[in-house]
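Protein chains in written order, with our numbering: chain A, 1 to 704; chain B, 705 to 1408.
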C-alpha cells in the first residue's frame, strides 16, 4: 500500500473533533473537506453536537457503523490516544493527527507519541502527524487540512516538514498562478515521513514533480533506496535546512572535520538522484520548469533577444551554470542572415534588435528550435515602442508546443507593459522570469536531472578478493580488550593488509637500538613516527621525522622525537616509535571514513597530505553506494586531485585501478566492521604502478 | 562642473528633431520633457514645423536667439555632426545624442563619432551618447529620453550601458513601487561615461544609492580614483556583464592564466569600495536595502518569527553570507522569557509561535532592537489564523523609525493574504521579501559596505629604499637589443636584487665543468635549471633537477637535463644551465603580475609551487593600489596560504614583513617599467626570517 490511497483518495473521511465554532480548527478541517468538492462520505465526530455544517455528527468513530478509511483527528492532546484506539477498533486505515503537544513539547509528549505509534502498529493503521496541518490532493479532490484555501489543480507535490511554510506557499501560489497536485504537512513524522510520501507520490499519476522541504531525513538507507527508484521516474527537489550547524561539531580525524553532517546529506542526495536546492526561490523556479517543460536532450542553449545587454547577462549565466551556448548549423545561420535585418546578430545569442515585432520573434525562435544543435531556448524580451508582448507570448506558447521535446522559457524583462504577456505565458505553461539569471539556473537543474536519468546503471558490483575478515576481527578484539580506541600504526597496517590495501611496512621500536635494527632490516630511507594512543596529529608535536638514511640518523631522530613529544605532551603514554619504510613518489591523496548517524559510513576521497583540511579538495560518498568501480571512478574525477593523478605537468599518470581498488576496499572494510567509527588513510601515495597507504589512523568503539 | 547640472537641471532644453508625428522618437522626447513637469524653457527645433505640442518650433538651434544649456538631438545620423556644430556655435553646454548609427555600425560610424567628439572639445561641450535612450531626473524634474514613462521620485540612480535594460527596469519599477532619482542611458559613451555620472551623482543630494549596469569601464585609473572618493559617501553597486569571455584568453604565464580580464575588474571594484553583484535580482534587492535603511554598525542579526522552518532557513543564510546571529544580553532573554508563551523560543531566532498577533510582534521586535548586541533585525511572518499582517506591518515601520540606526527588513512569506501588508511595508521604506535568502544577502551587502566605510585610510605610502632603477633599465635594454622577450634566469635574478627583492644566487653554466665549478663555489645543495628563451615551464620538459649535493651529482644532472630537453624540444635554443643555490625551507608562495588593458599591472599573490594553477588560491590587486603596507597585508590574509604562513600545524610563523615588502617592491617594479608585460616569481619561499625568490620569469616588450 505504498500508494497510500486511503490517505489521498479515501472513500470515507471522519473528522474527529469537528466543530460548529468557526474559531476551532475542527471546524476549518470539516469545511475544507466539504468545500474542496470531496466526493466520498464525510462523517463529523463530536459527541456534543447532533449536526455540523449540514452533516449528521457522531459521538465516536465507532458509532458511524460503516467503514471509515481516513480519520482526521483534531481533539485536545490528552484525548488523542484514546481516539486513535477507537479508530483502530473501527477499522480505520489512515490517521491524520492535527493536534499538537507531542514530541515537540518534551518527554511527556514523546511518551504519548510513542503510544500513538504502538496503536497504529497494533491496528495496522498509518498516521500522518501529529502536530501537522494535514494534507490535500487537488485531483481527488480532498482538502484534509486546516489551511486557509485550496490550491489550483496542477502536477506539483509539495511535502513540508514546516506547516507554516506549507501555508505560506499555498497563499503565495494563488498570486503566482501555480498549481499543485498534493500538499503534505509532515508534522512530527511519528509514523509516515517524507520517504513514504515520496514513494506514494512517485506512484501518483497526477504528480510530475516532487518538492520537499525537510529539516532531517528519517531513515538514511530507506531514503536512498526509495529515492533512487523514484527519481528515475520523476524529479525530486529538496530544500534541506539546518546546514549552518553542520560545521560546528568537533571531530578528531581529518575526515570527521571535513565531513560534518551536511556532507552526508550532500552525498546521499547525489547518489540517489535528488536535486538539492539552496533557497525557496530556487525550489519553486525549478518546480515551474519541471512541471511545464520537457527534459532537454543536452545542454546547448539558444537565446533569442531584442536587446544586447540582457543577452550578455544571460550568456554569462550560461557559463556560470555549466551549460553551453549552442553553435548553430550553417543552414540556420544562413537562414537567419537572409531574413533578419543587417544590424541583427545571427549567431547565438540571436539579437533581432529593438524594433522586432512578433513576426521576427516567430521566425527567429522557430529557426533556432529547428536546429539539431539546439537543446533548449530562452526568449528575452524588453519593452520597446514596437514590441508586441502579448502576440509574442502566443508565439512562444505555440512554438513550445510544436517543438515539444525542447524546453522553452522566457524572460520578459519589465513590469507594467509586459504584465499581460507574462500572465499568458505562465497560464500556458511557459516558465517566465523577470531577470535572466534564475531562468538559466532552472535550465541547469533540468540538464542535471536529465543527465542523471540518462546515466547507465553500474555494470556490476565489484568482487573484492583476498579479504581476511577474521584477521581484522582479531585485531579489533585485541584493541578493545586493551581498552584502547585508536589502533597503533602497525595494527592499522595489518588491517590494511588483511583487506588487500597495500600499506608500507611499519614496525614498532621501543628503543633506539631496536629502531636502528629495524631500519637496517627494512632498508633506508625510513620514517620515524611516535606511537601513542593519545596523539592524533603526530606532525603537530614533532612526532614525525622523515628521510632518514642511516643508522646514526635513526638514533638521532629517535631521541629528538622523544624529547619533543615529552616536552609538548608530558602525560601521553608512549608505546614506542614506528619505523616505516619510506615511499616518496606518487600523488598524495586521502581516503577516509566518518560515520553519520543517519546515513552510516561516509567515505571521503581527495587531495591528501598535511594540507588536506586547508585545501578541502574532497568529495564524499556513502559507503553503501561504493560497491562498483564506476562510482569510485566518478568520485575521483570530481576532485582537483584527479588533475594530478592524470599526470600533471609532465608527470606520468598514476595507477587509477589501484586507487579505485583501495577506495572500494576501504568502503567494504568500514561496512563489514561497524566498530570502526572513524578512519583516515592520509596520505595514500598513488604511484605510476600501485599505491601505498602510508599513515593510517583507525578509531573503533565496542558494539553492544 | 563634475555635477553636470546643465545635463540634469538645465535652464533651457532644445529638442533638435522634435516632431509632431507620434511615431517619431523626436515626438516622444519632447512630450516626455513637457509631461515630466520640467520648469525651464523648452525649444523644439524642426525647420519643417512652426509649432509642436503647443510650443514654437525653431529652424535651427542658432535661431532660438537665447541661451540654451542642453540640446537633445534626434535627427538622422547623417545630420548629427552638423547639428552638433550648430549647438557649439549657439553656446550649448550639454548634448544628448539619441540617434544611433555611430561606432556600433562599424568604421564609417566610428569616423562620425570621432568627429562628434572633436566638435565637443572644440566648443567645450559635454555629450551623452550617441545611441542612447537619454536621461531623467525626477527631482528637477526632467525626462530627456524617449522611454515610455517617468519613474516615481526616489533616491536611487540607475546608470545603464544597455538602453533596453533601462527601459525594462523603468517598466518594472512601476510594479515594484520603487522610486528613482535619476536614470541615465550611457549609449556609446563617446564622451561622458559611467565615471562622469558616478562622479556627478555622488554630488547629487537627491541620490542615496548609485546602481550601474556596465559592459566595460572606460578608463581604469580614473574609475578607481573617482569611485574611491564617491563610494565613501554613497554605495556604488555595479553589475558588470561579459564575465564569460574572461577565461578564454590564452596566456603563457601562471599569473596571466589565473588573471583573465575579469580579475582586474574584481580587484578594481574591491580596491575602490564598489559593491559588485552577480544578477539583476541582487542589484535591485540591494538598492532597496540601501535606499531605505541605515547602515548596520556590525553584522549581528536578530530574527523574530512566527514559524520555525523559515527561521532555520534564515539562520542558514546568515551563516552562508558570513553574518552572525546575535547573542542576546541576559536582560533581553529574561524579558522575552517573562512575556512570551512557554512554547516560544526566547533565544535567537525568537520564535513567537503560530498564534502570534501584532502585540507579540511588537513586544519581541522592540525588545531585540533595544539590545546592544543586535545590529539589525529580520522579521519573518507566515500567514496563520490569528496573524495580523497589516497591523504588524505598521508595527515594523514604526519600530524601524524608533530605532533609526538599525536596519530592519521583513520577510512576509506568502501572497494573497499578505499582499496589503507587503505593500504597506514597501511604501513605508521597509525592504520586504517573499523568501528569506535574498533578505539576508541584502543585509550582507550593507554590512560589507559599512565595513568598507569604517576602514581607516592607510597610514602612509610605503617608502621603499635601495631601489636601483638604472640597473634594471640596463638589463631591459640589453635584452631588447638581443631581440629577446624573456629574461634569462640570472638576468631576472639581477632585476630582483636591483629592487631589493631577495633572490637565491643563480649563475649560468654553459658546460658540465663550469656547472660543477659554480656548485662548489656557491655551496651545496644546488638546483639545476635549463636556461632557454623558448622554455617557459622548465619542469614540464625535465629541465629542472633539485637537491644536488656533490660535484658528481651536478655532472650527472647536467647531462640528464640536456638529454631530456633536447629530446622534448630539439629546436629550442639553449643558453646553458643555471646553477642555483637551493633554499628548501619556508612556505612556497607566488607573486606575479599580468598587465590589464584597462587597469594596468595586476598583482597576484597566493599559494605557490607547481600546483598554483590547480589550487587557484590567489588574490589580486591593481599595482597602483599596492603602495601601502595595509593593502599588501590584506591581500595576504585573503588566501589559504595565509594559514600556512601563520604557522600551520606546529610550524613557525613565516616572515610577514619580508613578504609584504616583496609584494610592494614587485608592484613598484612593474609600475616603474611598463616594458614588463608579465611576471611570475614562483615560488617565493617565505622563511621564518626573510624570504627568497627562487624561480623568476620576466617577460618584456619594447615601448614606443
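All residues carry an ideal CB built from backbone N, CA and C; glycine is no exception. Just so we're clear, the structure is a prediction, and the values are computed from it rather than from any experiment.
Start-to-end residues for the alpha helix (DSSP H) that takes in residue i
{"i": "residue 932/B", "result": "924-937"}
{"i": "residue 1271/B", "result": "1255-1272"}
{"i": "residue 339/A", "result": "330-339"}
{"i": "residue 1314/B", "result": "Neither: residue 1314/B is in no alpha helix (DSSP H) and is coded neither H nor E."}
{"i": "residue 802/B", "result": "Here residue 802/B belongs to no alpha helix (DSSP H), and DSSP marks it neither H nor E."}
Sequence-distant residues of the same chain with beta carbon closer than 8 Å to residue i, five excluded per side
{"i": "residue 856/B", "result": "842, 877, 878, 881, 882, 883 and 884"}
{"i": "residue 645/A", "result": "587, 589, 636, 653, 654, 656, 659 and 686"}
{"i": "residue 932/B", "result": "975, 976 and 977"}
Beta-carbon separation (whole angstroms), residue i vs residue j, contact threshold 8 Å
{"i": "residue 1008/B", "j": "residue 1083/B", "result": "5 Å"}
{"i": "residue 1410/B", "j": "residue 1203/B", "result": "Since the first residue of chain B shown is 705 and the last is 1408, residue 1410/B is not available in this structure."}
{"i": "residue 995/B", "j": "residue 912/B", "result": "6 Å"}
{"i": "residue 75/A", "j": "residue 16/A", "result": "6 Å"}
{"i": "residue 1239/B", "j": "residue 1276/B", "result": "6 Å"}
{"i": "residue 214/A", "j": "residue 238/A", "result": "6 Å"}
{"i": "residue 735/B", "j": "residue 716/B", "result": "The Cβ separation is near 18 Å, so there is no contact."}
{"i": "residue 802/B", "j": "residue 853/B", "result": "Actually they do not touch by this definition, with Cβ atoms about 17 Å apart."}
Residue range of the beta strand (DSSP E) that includes residue i
{"i": "residue 1222/B", "result": "Careful: residue 1222/B lies outside any beta strand (DSSP E), inside the alpha helix (DSSP H) at 1216-1226."}
{"i": "residue 775/B", "result": "774-777"}
{"i": "residue 409/A", "result": "408-412"}
{"i": "residue 530/A", "result": "526-531"}
{"i": "residue 1210/B", "result": "1210-1213"}
{"i": "residue 180/A", "result": "179-185"}
{"i": "residue 1188/B", "result": "Taken as a continuous stretch (DSSP letters only), residue 1188/B belongs to no beta strand (DSSP E), as it is neither H nor E."}
Residues bridged to residue i [DSSP beta-bridge criterion]
{"i": "residue 477/A", "result": "Answer by DSSP bridge pairing: none, since residue 477/A is not bridged."}
{"i": "residue 307/A", "result": "According to DSSP, residue 307/A bridges with nothing at all."}
{"i": "residue 760/B", "result": "755/B"}
{"i": "residue 940/B", "result": "914/B"}
{"i": "residue 376/A", "result": "301/A"}
{"i": "residue 432/A", "result": "410/A"}
{"i": "residue 45/A", "result": "16/A and 58/A"}
Contacting residues, own chain, Cβ-Cβ under 6 Å from residue i (five flanking each side not counted)
{"i": "residue 60/A", "result": "86"}
{"i": "residue 225/A", "result": "none"}
{"i": "residue 250/A", "result": "Residue placement at residue 250/A is flagged as unreliable, the pLDDT there being 38, under the threshold of 50; the coordinate-derived value follows with that caveat. Closer than 6 Å at Cβ, skipping near neighbours: no residue."}
{"i": "residue 827/B", "result": "792"}
{"i": "residue 14/A", "result": "43, 45, 61, 68 and 71"}
Residues of its chain near residue i, where Cβ-Cβ distance is below 7 Å and the 5 sequence neighbours each way are ignored
{"i": "residue 561/A", "result": "528, 530, 542, 543, 545 and 577"}
{"i": "residue 382/A", "result": "306, 307, 310, 413 and 414"}
{"i": "residue 1409/B", "result": "No answer is possible for residue 1409/B: it lies beyond the span of chain B, which begins at 705 and ends at 1408."}
Residues that residue i contacts on chain E, provided the C-beta gap is smaller than 7 Å
{"i": "residue 312/A", "result": "In the displayed structure, chain E is absent; the protein chains listed are A and B."}
(Q) Within 8 Å, do at least three Cβ pairs link the segment 343-356 of chain A to the segment 375-392 of chain A? (A) Yes, since at least three Cβ pairs between the segment 375-392 of chain A and the segment 343-356 of chain A fall closer than 8 Å, the two stretches touch.
(Q) So, does the segment 389-400 of chain A touch the segment 361-375 of chain A, judging by three or more C-beta pairs under 8 Å? (A) Verdict: yes, contact present.
Q. Pairing CB atoms from the segment 1292-1312 of chain B with CB atoms from the segment 619-639 of chain A, are three or more of them under 8 Å?
A. In the pairwise beta carbon analysis, the segment 1292-1312 of chain B is classified as not touching the segment 619-639 of chain A: fewer than three pairs are separated by under 8 Å.
Q.
Taking 8 Å as the cut-off, does the segment 825-840 of chain B touch the segment 895-910 of chain B (at least 3 CB pairs, one atom from each stretch)?
A. A contact is defined here as three or more CB-CB pairs under 8 Å, and the segment 895-910 of chain B meets this definition with respect to the segment 825-840 of chain B.
Q. Do the segment 1386-1397 of chain B and the segment 1357-1372 of chain B make contact, defined as three or more Cβ pairs closer than 8 Å?
A. They touch, by the three-pair rule.
Q) How about the segment 1175-1190 of chain B and the segment 1247-1261 of chain B: do they share at least three Cβ pairs that are nearer than 8 Å? A) The answer is no - the segment 1247-1261 of chain B does not touch the segment 1175-1190 of chain B, with fewer than three Cβ pairs under 8 Å.
Q.
With three or more C-beta pairs closer than 8 Å as the rule, is the segment 405-412 of chain A touching the segment 333-350 of chain A?
A. Contact between the segment 333-350 of chain A and the segment 405-412 of chain A is absent: fewer than three C-beta pairs spanning the two stretches fall below 8 Å.
Q) Taking one C-beta from the segment 51-65 of chain A and one from the segment 148-165 of chain A each time, how about it: are there three or more such pairs within less than 8 Å? A) No, the segment 51-65 of chain A does not touch the segment 148-165 of chain A.
Q) On the three-pair Cβ rule with 8 Å, is the segment 499-510 of chain A touching the segment 570-584 of chain A? A) Note that the segment 499-510 of chain A touches the segment 570-584 of chain A; at least 3 beta-carbon pairs, one per stretch, sit closer than 8 Å.
(Q) Taking contact to mean 3 or more Cβ pairs, one atom from each stretch, closer than 8 Å, check whether the segment 995-1004 of chain B and the segment 1144-1161 of chain B are in contact. (A) Contact between the segment 995-1004 of chain B and the segment 1144-1161 of chain B is present, because at least three Cβ pairs lie under 8 Å.
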